Amino acid sequence: MPGIAVVGTQWGDEGKGKVTDLLSDDMHMVVRFQGGNNAGHTIVYDHHTLKLHLIPSGILYPHILPVIGNGVIINPEVLLEEIANLEAMNIDTARMRISYNCHVILPYHIEIDRLMEERRGGKSLGTTMRGIGPTYSDRSARTGIRMQEMLVPAIFAARVREVVEKKNELITCFYGGTPLDADAVAEAYEGYAERLKGYLADTGLLVKNALNDGGNVLFEGAQGLMLDLDHGTYPFVTSSNTVAGAACAGAGVGPKDIDEIIGVTKAYVTRVGSGPFPTEQDNEIGNHMQEVGGEFGTTTGRKRRCGWFDMVILKYASRLNSLTSLAITKLDVLSGFETLKVCVSYQAGEKVIEEFPQLRGEFEECKPVYTELPGWQSDISDARRLDELPVEARDYLQFIQEMGGVAIKLVSVGPARHQTIIVEGDGEPLRQGRLLFQDDLPL
Ligand code: IMP
Numbered sequence: 380m381p382g383i384a385v386v387g388t389q390w391g392d393e394g395k396g397k398v399t400d401l402l403s404d405d406m407h408m409v410v411r412f413q414g415g416n417n418a419g420h421t422i423v424y425d426h427h428t429l430k431l432h433l434i435p436s437g438i439l440y441p442h443i444l445p446v447i448g449n450g451v452i453i454n455p456e457v458l459l460e461e462i463a464n465l466e467a468m469n470i471d472t473a474r475m476r477i478s479y480n481c482h483v484i485l486p487y488h489i490e491i492d493r494l495m496e497e498r499r500g501g502k503s504l505g506t507t508m509r510g511i512g513p514t515y516s517d518r519s520a521r522t523g524i525r526m527q528e529m530l531v532p533a534i535f536a537a538r539v540r541e542v543v544e545k546k547n548e549l550i551t552c553f554y555g556g557t558p559l560d561a562d563a564v565a566e567a568y569e570g571y572a573e574r575l576k577g578y579l580a581d582t583g584l585l586v587k588n589a590l591n592d593g594g595n596v597l598f599e600g601a602q603g604l605m606l607d608l609d610h611g612t613y614p615f616v617t618s619s620n621t622v623a624g625a626a627c628a629g630a631g632v633g634p635k636d637i638d639e640i641i642g643v644t645k646a647y648v649t650r651v652g653s654g655p656f657p658t659e660q661d662n663e664i665g666n667h668m669q670e671v672g673g674e675f676g677t678t679t680g681r682k683r684r685c686g687w688f689d690m691v692i693l694k695y696a697s698r699l700n701s702l703t704s705l706a707i708t709k710l711d712v713l714s715g716f717e718t719l720k721v722c723v724s725y726q727a728g729e730k731v732i733e734e735f736p737q738l739r740g741e742f743e744e745c746k747p748v749y750t751e752l753p754g755w756q757s758d759i760s761d762a763r764r765l766d767e768l769p770v771e772a773r774d775y776l777q778f779i780q781e782m783g784g785v786a787i788k789l790v791s792v793g794p795a796r797h798q799t800i801i802v803e804g805d806g807e808p809l810r811q812g813r814l815l816f817q818d819d820l821p822l
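Encoded structure:
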């Protein structure tokens, strides 16, 4: 299993961090391939609570080389803060490598993100305000600044000053905002360059060499399919591709370098920010999921919107990512519901929709068609094997596996590393449940 991608199958926050962490023992390298400090996870390590937005959590394991691939955009101030926090915990960060080709987030990107959101008024996207869209826009427009320019900090500073001056025209003339102090920004960024230039490398080559040497490389995705720039709920998406295919472009390897693709799927669905969400439960059901699941964004602290599991989205995720297995997270949060609803298709007017609609208007009209499954009342957070789960929980998993057409290999029943069920084989043990499907042989 040399190349493994871990991707989110919903709107992000599926629990990719825990799955990545569980796989760490066998990995030699962990590579982030898209997004920026809009993503993040909280890690409890050695009695410290640590928030990481940019650095792969593999940094905590000395045997892992953490890599930030070219598809990631970097706010140097945030990165240096993470480095400082890790070093304060005696974790060596010197081995980390950052691609020469990552684009740099500058203060004007953050300011423009804010001004654009303000202009959208009631139609705002609910971005994380981290400058993500404007930085990726500059990358596409070929006006961005890359990390490699930091190699000579004085030249980098001059370039930053020049660009800030140009962007100030946009900020003041178009948005009516306050100009940034170009000298102060240039000076700060010169300092960041001094401290970061030693981390830069041809990371695509490092990844390929690791794979050629028989190493195991984990490609760590951020956000999730429904926030993918092309395939998600545009315009309520992030500004990068979040699908597994993006791991190649964003890490600098070819499609054949990825052998397994694990789709991380929460046992219910959450979304932060604006945009359509057919199975949303803006009621006591959603509130319960939000409270029990601790559904607050790691990056912005915003409450996440919560809703029932959506099979149309899972099937879409399976198709677009070529998923080879599923990791189901937060199953324990569903304990206590009398019944659980699973959206199996959508209805728009008279039309029944089985495949995720590509027309925005149609998706916005979609109402979920639910199947109701029995819930379970007991606490399942101590279960370590499938047969320690109540039959209703196994049925729920089996339903997801059968309809999604992807084998469940891992079930998480709590935040701790040990609160995990590893499913052996091709999901076969799930068949101990009660539900029978068309193709099933009675057991
Ligand atoms: P941006 O990525 O900051 O431009 O935000 C665009 C949309 O993606 C907003 O709805 C954000 O809430 C959402 N988003 C971005 N990153 C994450 C994430 O890591 N988890 C969940 N939602 C995210």
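According to my numbering, the sequence shown is numbered sequentially starting from 380. The C-beta atom is built at its ideal place from N, Cα and C for all residues, glycine as well. Predicted, not measured: the structure shown is a model, and the values here were computed from it.
Kindly provide the ranges of any beta strand (DSSP E) runs that are 3 or more residues long and lie completely inside the segment 432–468, ordered along the chain. 444–447
Given a cut-off of 8 Å on the beta-carbon distance, is the pair P747 and C722 in contact? Working through the sequence shown from its first residue, we reach residue 747 at position 368. Working through the sequence shown from its first residue, we reach residue 722 at position 343. A contact, by the Cβ cut-off of 8 Å.
Can you name the residues that DSSP bridges to T644? One-based indexing of the sequence shown puts residue 644 at position 265. Beta-bridge pairing links T644 to I707.
Can you find the residues in the same chain that come closer than 6 Å, C-beta to C-beta, to P532, ignoring five residues on each side of it along the sequence? The residue you call residue 532 lines up with position 153 of the sequence shown. Result list for P532: E569, A572 and E573, in chain order.
Kindly identify the DSSP beta-bridge partner or partners of V731. On the sequence shown, residue 731 is found 352 positions in, with the first residue counted as 1. Paired residues: Q726.
Are the CB atoms of L710 and V790 within a distance shorter than 8 Å? Here the question's residue 790 lines up with position 411 in the sequence shown. Here the question's residue 710 lines up with position 331 in the sequence shown. For V790 and L710, yes; Cβs fall inside 8 Å.
Which residue spans inside the segment 716–789 form an unbroken beta strand (DSSP E) run of at least 3? 718–727, 730–732 and 746–753
Give, in chain order, every unbroken run of the alpha helix (DSSP H) that is at least 4 residues long and sits entirely within the segment 495–535. Runs of the alpha helix (DSSP H) inside the segment 495–535: 511–519.
What residue from I692, T388, P769 and I453 has the CA that sits closest to S714's CA? For the purposes of this step, residue 714 is identified with residue 335 of the sequence shown, where counting begins at 1. It is P769 whose Cα lies nearest to the Cα of S714.
Classify S697 as helix, strand or coil using the three-state DSSP reduction. Here the question's residue 697 lines up with position 318 in the sequence shown. Of the three classes helix, strand and coil, the one that applies to S697 here is helix, per DSSP.
Going by DSSP in three states, D638 sits in which element: helix, strand or coil? As a first step, residue 638 must be located in the sequence shown, where it is residue number 259. Note: D638 maps to coil in three-state DSSP.
DSSP beta-bridge partners for S791? Start at 1 with the first residue of the sequence shown, and residue 791 comes out as number 412. Bridge partners of S791: T799.
Cβ neighbour criterion (16 or more within 10 Å) applied to C745: The count along the sequence shown starts at 1 and reaches residue 745 at position 366. C745 comes out buried.
Taking DSSP as the reference, what is the three-state secondary structure of C685? Position 306 of the sequence shown, counting from 1, holds the residue named residue 685. Of the three classes helix, strand and coil, the one that applies to C685 here is strand, per DSSP.
Assuming L606 contacts V616 under a Cβ cut-off of 8 Å, what Cβ separation, rounded to an integer in Å, is found between them? Here residue 606 corresponds to residue number 227 of the sequence shown, with the count starting at 1. Here residue 616 corresponds to residue number 237 of the sequence shown, with the count starting at 1. Contact holds; Cβ gap of about 5 Å.
Candidates G728, I707, Q756 and R684: closest to T718 by CA position: Here residue 718 corresponds to residue number 339 of the sequence shown, with the count starting at 1. It is Q756 whose Cα lies nearest to the Cα of T718.
Rounded to the nearest angstrom, what separates L738 and H610 at their Cα positions? To locate residue 738, count along the sequence shown from 1; it is residue 359. To locate residue 610, count along the sequence shown from 1; it is residue 231. Distance between the alpha carbons of L738 and H610: 11 Å.
Identity of the residues DSSP links to G424 by a beta bridge: Along the sequence shown, read from residue 1 onward, the residue named residue 424 stands at position 45. Sequence check: residue 424 is Tyr here, not Gly. Under DSSP, Y424 shares a beta bridge with H427.
In DSSP terms, what H368 is bridged to: This structure leaves residue 368 out entirely; the chain is present only between 380 and 822.
DSSP beta-bridge partners of V409: Looking up residue 409 in the sequence shown gives position 30. Note: V409 sits in a beta bridge opposite P445 and L597.
Got a sec, what are the start and stop residues for the alpha helix (DSSP H) V651 sits in? Sequence index remark: in the sequence shown, residue 651 carries index 272 (1-based). Here V651 belongs to no alpha helix (DSSP H), and DSSP marks it neither H nor E.
Would the segment 467–482 and the segment 520–531 be scored as touching if the rule is three or more Cβ pairs under 8 Å? yes
What residue from F716, N416 and F742 has the CA that sits closest to A727's CA? As a working mapping, residue 727 is identified with position 348 in the sequence shown. A727 has its Cα closest to that of F742, out of F716, N416 and F742.
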